[in-house]
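There are 2 protein chains.
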Amino acid sequence: LENDDIESFRHELLRLHQYNQMKWFEQLQNPSLRKNVYKALSAREFAAIFQKLKLKDQVDKVQELEDTYQADVFSAMSTNRLADLFNRLPEHVIHQSIDQMDAEQARTVMQLMKHEEGTAGALMTTEFVSLNKDLTIEQAIEKLRAFADLAETIYYVYVENDQHQLVGVVSLRHLLAGESTKTLEEIMKEEVIQVVQDKDQEDIAKLTKDYDLIAIPVVDDDRHLLGIIMVDEIMDVVEEEATEDLGEFAASRGALGIEISALLAAKKRAPWIMGLLLIGMVTAQIISFFENTLQEVVMLSAFIPLVMGAAGNTGTQTLAVIVRSISNDEVKKGVWKIILRELSAGFMIGICSAAVLLIVIPIFYNGNWPLAFIVGGSVFLALGFATFIGCVIPIIINKLNIDQAVASGPFITTLNDMVSIVIYFLIATSFLQYLQ
Amino acid sequence: LENDDIESFRHELLRLHQYNQMKWFEQLQNPSLRKNVYKALSAREFAAIFQKLKLKDQVDKVQELEDTYQADVFSAMSTNRLADLFNRLPEHVIHQSIDQMDAEQARTVMQLMKHEEGTAGALMTTEFVSLNKDLTIEQAIEKLRAFADLAETIYYVYVENDQHQLVGVVSLRHLLAGESTKTLEEIMKEEVIQVVQDKDQEDIAKLTKDYDLIAIPVVDDDRHLLGIIMVDEIMDVVEEEATEDLGEFAASRGALGIEISALLAAKKRAPWIMGLLLIGMVTAQIISFFENTLQEVVMLSAFIPLVMGAAGNTGTQTLAVIVRSISNDEVKKGVWKIILRELSAGFMIGICSAAVLLIVIPIFYNGNWPLAFIVGGSVFLALGFATFIGCVIPIIINKLNIDQAVASGPFITTLNDMVSIVIYFLIATSFLQYLQ
Chain A
30 LENDDIESFR
40 HELLRLHQYN
50 QMKWFEQLQN
60 PSLRKNVYKA
70 LSAREFAAIF
80 QKLKLKDQVD
90 KVQELEDTYQ
100 ADVFSAMSTN
110 RLADLFNRLP
120 EHVIHQSIDQ
130 MDAEQARTVM
140 QLMKHEEGTA
150 GALMTTEFVS
160 LNKDLTIEQA
170 IEKLRAFADL
180 AETIYYVYVE
190 NDQHQLVGVV
200 SLRHLLAGES
210 TKTLEEIMKE
220 EVIQVVQDKD
230 QEDIAKLTKD
240 YDLIAIPVVD
250 DDRHLLGIIM
260 VDEIMDVVEE
270 EATEDLGEFA
280 ASRGALGIEI
290 SALLAAKKRA
300 PWIMGLLLIG
310 MVTAQIISFF
320 ENTLQEVVML
330 SAFIPLVMGA
340 AGNTGTQTLA
350 VIVRSISNDE
360 VKKGVWKIIL
370 RELSAGFMIG
380 ICSAAVLLIV
390 IPIFYNGNWP
400 LAFIVGGSVF
410 LALGFATFIG
420 CVIPIIINKL
430 NIDQAVASGP
440 FITTLNDMVS
450 IVIYFLIATS
460 FLQYLQ
Chain B
30 LENDDIESFR
40 HELLRLHQYN
50 QMKWFEQLQN
60 PSLRKNVYKA
70 LSAREFAAIF
80 QKLKLKDQVD
90 KVQELEDTYQ
100 ADVFSAMSTN
110 RLADLFNRLP
120 EHVIHQSIDQ
130 MDAEQARTVM
140 QLMKHEEGTA
150 GALMTTEFVS
160 LNKDLTIEQA
170 IEKLRAFADL
180 AETIYYVYVE
190 NDQHQLVGVV
200 SLRHLLAGES
210 TKTLEEIMKE
220 EVIQVVQDKD
230 QEDIAKLTKD
240 YDLIAIPVVD
250 DDRHLLGIIM
260 VDEIMDVVEE
270 EATEDLGEFA
280 ASRGALGIEI
290 SALLAAKKRA
300 PWIMGLLLIG
310 MVTAQIISFF
320 ENTLQEVVML
330 SAFIPLVMGA
340 AGNTGTQTLA
350 VIVRSISNDE
360 VKKGVWKIIL
370 RELSAGFMIG
380 ICSAAVLLIV
390 IPIFYNGNWP
400 LAFIVGGSVF
410 LALGFATFIG
420 CVIPIIINKL
430 NIDQAVASGP
440 FITTLNDMVS
450 IVIYFLIATS
460 FLQYLQ
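Heads up: the protein sequence lines correspond to chains A and B, in order. Here the numbering used here is used: the first residue of the first sequence is 30, the next is one more, and so on. Here the numbering used here is used: the first residue of the second sequence is 30, the next is one more, and so on.
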């Protein structure tokens, strides 16, 4: 595929979609084959492939590039990809590259590197099109033609006043449909959905979804346009946030990535497990407190997992509903309605569960009806409390703006464990005489 | 805001972004105010607001519209929104509307209504631009100007051959940058990322993300273009799929929506809880089996929740990693590497947890070292098994293409419960003599 005619190879490769070019390049194991690729492609063509690689692979491959070729590749990359890469490279490589770069681009990249991860500034790229409000449509289209190759998108034209402040937006669609002598100011939409540079990425994703945007502009406090965030970046954010939600749920915040080492994964997860173990010691204490009851009827301990499990699972169901409605902002529409619904659902599930136990326990335990009533009653009550806890605690935590981790699955479950154990043993102790 | 001058109200409203127009309309409680809106806006202007409303609200408001106005609103809606709405309306309303609609549009909408939810066909809309390959760039741009108002996007032009088959795509960006006398065939990309009509939405989302697309074309088996799916639809899909993942995790599949009633939520969730209760009965049987051990040292039951909890939480962590890497397709890159990493992480977490218990238990239980070793050892072993179960079972289930629900959080946790209880009591029974 590689050794023969460079021209036909180039032609074949460049016909592919950039993602497929990247995929093809990614699987090249042999460094000398990769060298041939660098030779065959212009820096500009290779940059398009290179910036789609995973950051880790970019860091690996960067050192294979010759100095001038490398500098040209960097120049052709989009500024935010370059900033991401520089954040992973050693100081001296960056310095050397920056010396060879266009001063303007170097400054932009250095600026971008300063933004905190998860903010608008860290997601944006600076290849946008902004034009003065007094240009006519005809002039604007002329400019766009020139930008078509360089800008990240030309489908939105951001309109600036003479102080370079963002005052409007025109979609290319409207530009094409408009009369060519009108000015941008006449046809622009003045209401521009925009974010400031330190805006959180979750909020940005929500705006993009609500307003069906392809790109969202980022401005500083004086409404000067700093960059744009493209919808494909935002898709990645949505994916990332979903992973985060799941991580909170599973006591694995920041440890769901497949690429981190076993040691790092253990480091991030072990504190959760150990913390939960310590809370488990409290549960053990609670059970020890009822030692006398247990001494009388040892059989009672057989149902500890069942009561706890039912409460835990129900609490988790409710928690999932609430976590989801908090991140969808649905919760704002009516907290009480949600709480009421959850409690009613919990009540109904509790009745069904108690009914099942009243049938099954006498069958398995020789018609031990008192046991069935104690376990069934406990499950019913425990489910009620579990629903309440799984529902109200995350809402309160969200209102108070406390770290969401406290509302994470395992903590709620552990809390439910304790409550359900107390309920179970209180009921069992009260009706102990019927069991013997 | 409403009663006075219609013209200035119209002007104010239409200046807003369509999402904000919708938000404003949504909060109008008074039907007579809404009537005024219908009077003030053309059917076309109102359709833009109307089709952004939630389906439930659309169904409510539809009956407020006068017959001819309603027909005009329907005509101005995008075909897939209309199909979604029709799927919720009673037969006679649909029939009446279809009689008044353009025959072509009616046929299209009826077609769309047939597609199964969650497939490409159900997501696509038919307002796309496709042009013959022999048109010149100049002619194409001329056509686009005419379509600009009607099409969902004009940023991709799909290129057809004389048999109306999809043979290429040209972005508007390339169209603008090209020489006006070239034909579409000369400048088009032949590699069109496309899906067939029954493609699953999760796959479509992945393609869109990988290839950074704004829209993806849907074709039939003969490569005739049927419609396009816009990126904003796909953002909703990603959101939906994340909710689904969480639902599986929390034993609440299809029951996370906030809009469903308590009864429906209970109906969907109760079977999970009751099923898990029955499995819990097995755990109870296992514990009953060790009744003699418990009779000797009742204290042992105090640590049942702790051992189970630690195994459950660790299993959930691993499960979350695997579920995530399956839905990212990362798992294909190296199953064994992932399994090995998880087992190593589980081993390390197990050692840390056992160490904690060896310190804490003697403190709380008057230097009861045998108890500490029994519980610590059980936790160490149970964590190892839990990691293995949380990791291997979902991978096997994924390979065998069994329903993912079996790999859901609660089932894995319940399985881990049983295994950890067995481990705990086997160890406790073996070393019982040291406890007394």
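The C-beta atom is built at its ideal place from N, Cα and C for all residues, glycine as well.
Range of the contiguous beta strand (DSSP E) that encloses residue i
i	result
Asp-371(B)	Note on identity: in this sequence residue 371(B) is Glu, with Asp being the wrong assignment. From DSSP, Glu-371(B) is part of no beta strand (DSSP E) but of the alpha helix (DSSP H) over 364-393.
Asn-161(A)	159-161
Ala-244(B)	244-248
Val-198(A)	195-200
Glu-189(A)	185-189
Ile-257(A)	254-259
Check whether residue i and residue j have beta carbons under 8 Å apart
i	j	result
Gly-147(B)	Gln-92(B)	no
Leu-412(B)	Ile-368(B)	no
Met-153(A)	Gly-309(A)	no
Ala-271(A)	Asp-274(B)	yes
Ile-216(A)	Val-199(A)	yes
Thr-210(A)	Leu-164(A)	no
Leu-372(B)	Val-408(B)	no
Leu-70(A)	Arg-44(A)	no
Ile-351(A)	Gly-419(A)	yes
Met-488(A)	Ile-78(A)	Any question about residue 488(A) goes unanswered here, given that chain A covers just 30 to 465.
Ile-456(A)	Gly-406(A)	yes
Arg-252(B)	Gln-194(B)	yes
Val-532(A)	Tyr-453(A)	The shown model of chain A, from 30 to 465, leaves out residue 532(A), and the question about it has no answer.
Thr-137(B)	Thr-108(B)	yes
Leu-114(B)	Val-102(B)	no
Asp-241(A)	Asp-34(B)	no
Thr-458(A)	Thr-322(A)	yes
N-terminal and C-terminal residue of the alpha helix (DSSP H) that residue i is part of
i	result
Tyr-98(B)	96-105
Ser-290(A)	Here Ser-290(A) belongs to no alpha helix (DSSP H), and DSSP marks it neither H nor E.
Gly-147(A)	Taken as a continuous stretch (DSSP letters only), Gly-147(A) belongs to no alpha helix (DSSP H), as it is neither H nor E.
Gly-396(B)	Gly-396(B) -> no alpha helix (DSSP H), and no H or E assigned at all.
Ile-441(B)	438-459
Leu-42(A)	35-44
Gly-338(B)	333-356
Gln-125(A)	120-129
Gln-140(A)	132-142
Gln-226(B)	Unbroken run through Gln-226(B): none, as it is neither H nor E.
Ala-177(B)	That residue, Ala-177(B), is in no alpha helix (DSSP H); it is neither H nor E in DSSP.
Ser-61(B)	60-69
Nearest-angstrom Cβ-Cβ length linking residue i and residue j, presumed shorter than 8 Å
i	j	result
Tyr-187(B)	Phe-157(B)	6 Å
Ala-295(A)	Val-267(A)	Not confirmed; about 29 Å, so no contact.
Glu-415(A)	Asn-445(A)	Note that residue 415(A) is Ala in the sequence shown, not Glu. With a Cβ gap of about 5 Å, Ala-415(A) and Asn-445(A) count as contacting.
Ala-180(B)	Leu-141(B)	Contact flag wrong, Cβ pair sits at about 16 Å.
Leu-306(A)	Ser-382(B)	6 Å
Ala-206(B)	Gly-276(A)	Rounded, the Cβ-Cβ distance is 43 Å, inconsistent with contact.
Lys-238(A)	Met-264(B)	5 Å
Tyr-479(A)	Pro-391(A)	Lying outside 30 to 465, the shown extent of chain A, residue 479(A) is not represented and no answer is given.
Residue i: CB within 7 Å of a non-hydrogen atom of the ligand MN
i	result
Gly-341(A)	For the structure depicted, the ligand MN is absent and the ligand set is empty, with no information on it obtainable.
- Message: Under 8 Å, with one C-beta from each stretch per pair, do the region 439-452 of chain B and the region 331-348 of chain B reach the 3-pair mark?
- Response: yes
- If we count Cβ pairs, one from each stretch, closer than 8 Å, do we get three or more for the region 161-180 of chain B versus the region 123-138 of chain B? no
- Would you list, in chain order, the members of the region 239-261 of chain B that have their beta-carbon closer than 9 Å to a beta-carbon of chain A? Shown in chain order are the members of the region 239-261 of chain B whose Cβ falls below 9 Å from a Cβ of chain A: Asp-239, Tyr-240, Asp-241, Leu-242, Ile-243, Met-259, Val-260 and Asp-261.
- Taking a cut of 7 Å between CB atoms, which residues from the region 361-376 of chain B lie near chain E? Annotation note: the requested chain E is absent from the structure, which comprises protein chains A and B.
- Item | Positions along the region 223-234 of chain B whose CB lies within less than 7 Å of some CB in chain A | none
- Item | Cβ pair count under 8 Å reaching 3, the region 237-251 of chain B against the region 218-228 of chain B | yes
- Item | Short-range partners of chain A found in the region 291-313 of chain B, where Cβ spacing is below 8 Å | Residues of the region 291-313 of chain B that bring their beta carbon within less than 8 Å of a beta carbon in chain A comprise Ala-291, Leu-292, Ala-294, Ala-295, Arg-298, Ala-299, Trp-301, Ile-302, Met-303, Leu-305, Leu-306, Leu-307, Gly-309, Met-310, Thr-312 and Ala-313, in sequence order.
- Mind listing which residues of the region 186-205 of chain A have their C-beta closer than 8 Å to chain B's C-betas, in chain order? Leu-201, Arg-202, His-203 and Leu-205
- Message: For the region 344-356 of chain A against the region 346-366 of chain B, do three or more pairs of beta-carbon atoms, one drawn from each stretch, fall closer than 8 Å, so that the two count as touching?
- Response: Too few Cβ pairs lie closer than 8 Å, so no.
- Item | Contact set between the region 116-132 of chain A and chain B, restricted to residues whose Cβ is under 8 Å from the partner | Within the region 116-132 of chain A, no residue qualifies.
- Using 8 Å as the threshold, is the region 79-88 of chain B in touch with the region 56-63 of chain B, meaning 3 or more CB pairs across them? As far as the Cβ criterion goes, the region 79-88 of chain B does not touch the region 56-63 of chain B, which means the pair count is below three.
- Task: Using a Cβ-Cβ cut-off of less than 7 Å, give me the residues of the region 412-426 of chain A that come near chain B, in sequence order.
- Result: none
- Item | Near-chain A residues of the region 327-349 of chain B (beta-carbon distance less than 9 Å), N- to C-terminal order | Val-327, Met-328, Leu-329, Ser-330, Ala-331, Phe-332, Ile-333, Pro-334, Leu-335, Val-336, Met-337, Gly-338, Ala-339, Gly-341, Asn-342, Thr-343, Thr-345, Gln-346, Thr-347, Leu-348 and Ala-349
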